[in-house]
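If you number the sequence shown the way my numbering does, the last residue is 332 and the count never jumps. The beta-carbon is built from N, C-alpha and C at its ideal position, and this holds for glycine as well. The structure presented is a predicted model; accordingly, all values stated were derived computationally and were not measured. Contents: one structure, followed by commentary.
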Amino acid sequence: MVNIPPIHQHGFFRKFCTEMRQVFDSDFFPEGADAVRQRPDKFEFRRALPFIFLHVGCLAVIWVGWSPVAVLVAVALYLVRMFAITAFYHRYFSHRTFRTSRFGQFLFAVVGNTAIQRGALWWASVHRHHHKYADQEEDRHSPGVYGFVWAHIGWMTSSRNFPTDYTQVKDLAKYPELVFLNRFDLVVPLIYGILLYGLGAGLEAWVPSLGTSGWQMFVWGFFISTTVLLHGTLFINSLAHTFGKRRFPTTDDSRNSLLLALMTLGEGWHNNHHRYMSSARQGFYWWEIDITYYVLKLFSWTGLVWGIREVPKIVYDEANQMRLTTRHKKAV
Ligand SMILES: [Zn+2]
Ligand SMILES: [Zn+2]
């Protein structure tokens, strides 16, 4: 009689289960997270798949078409989610530049998670590392060291950058709800996609005059809005270290750019930010448009956030000094 082992002992079945767990559990590394961090820095197809999926998905617009309501929803979701990334993933979780309630931080961690830029803890751990080693060899996304394309998106396809370094975010890792969102970072995007499809299908059934459908809303709200949002955010790693003006002679290549600030709701004032990262304000003057900061100010009047940290006088004095030095150099 042939002895067939139970299915869970089957090599293929076990491999399949490991693969599946790796897809959904971002903290699961059979060989250990440290071993993954030691791997060579190179493009890996499996890590690039989510980004390929996002970009290819945009092409589906050929079949679903467009409608004013679908485009409007995509734009609105871009703005809301860009705010979640800049105000919360960046200025709150990475830099603690203001305070909010435990529910507030959870809510915006969920909204930020729909951007498919992984969990807030991974994002903050990578970003804190960036500030520590900006434009040095250790920096994972320096255009000066590794070239523009690698600094823009290539570094995210390298396995060694995948594990969350919880030692960098001990202050955030004490909240189990944030760790859950970070560990299972596909759950929220999945729910987000289903809700968008449901919205489109609902509108098609109840308000057919709007001319939308489940798939059309899904393509615009999920694929197109998220892909543009992804590149908008990634431009801060690539373009904001390449193009623009430098007010402060920081040790990195960070730049200030109005165009990038408009696209990212204020993140384009990157040289300001590298000079003083502990402020919630990145546009240091009224003419440096910083929508995220204005919205945070509005929020503070309603009590949703508080303890907003401003730019100290010493930094403004330094900026004035820089302006005088530049004027003097021009005059000579
Ligand atoms: Zn930077
Ligand atoms: Zn920063």
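Within the same chain, Cβ atoms closer than 7 Å to the Cβ of V228 are found at Y78, the five residues on either side in sequence being excluded. Residue burial annotation: I85 is buried, with at least 16 other C-beta atoms found within 10 angstroms of its C-beta. Assignment of R140 by DSSP, reduced to helix, strand and coil, places it in the coil class. Scanning T264, I314, Q321, E288 for the CA closest to the CA of R91 turns up T264.
In the structure shown, K42 adopts coil according to DSSP, grouped into three states.
For D34, the enclosing alpha helix (DSSP H) stretches over residues 33-37. At least one heavy atom of ligand 2 lies less than 7 Å from the C-beta of M277. With fewer than three CB-CB distances shorter than 8 Å, the stretch 231-247 does not count as touching the stretch 200-218.
Contact annotation: the stretch 94-106 does not touch the stretch 240-258, with fewer than three C-beta pairs closer than 8 Å. Separation of the CB atoms of R309 and S279 is rounded to 5 Å, and the pair is thereby assigned contact status at 8 Å.
Comparing alpha carbon positions, the residue from H130, V61, D25, V169 closest to W155 is H130. One Cα belongs to Y293, the other to A120, and the distance between them is close to 19 Å.
For R183 and A151, the gap between their C-alpha atoms comes out near 24 Å. Straight-line measurement puts the Cα of V36 at about 25 Å from the Cα of Y175. In the assembly as shown, Y285 is an exposed residue. Its beta-carbon has fewer than 16 other beta-carbons within 10 Å. Under the DSSP definition of a beta bridge, V305 partners with T100. F243 places its beta carbon 8 Å or farther from that of L172.
DSSP places W269 within a strand segment (E or B) once states are collapsed to three.
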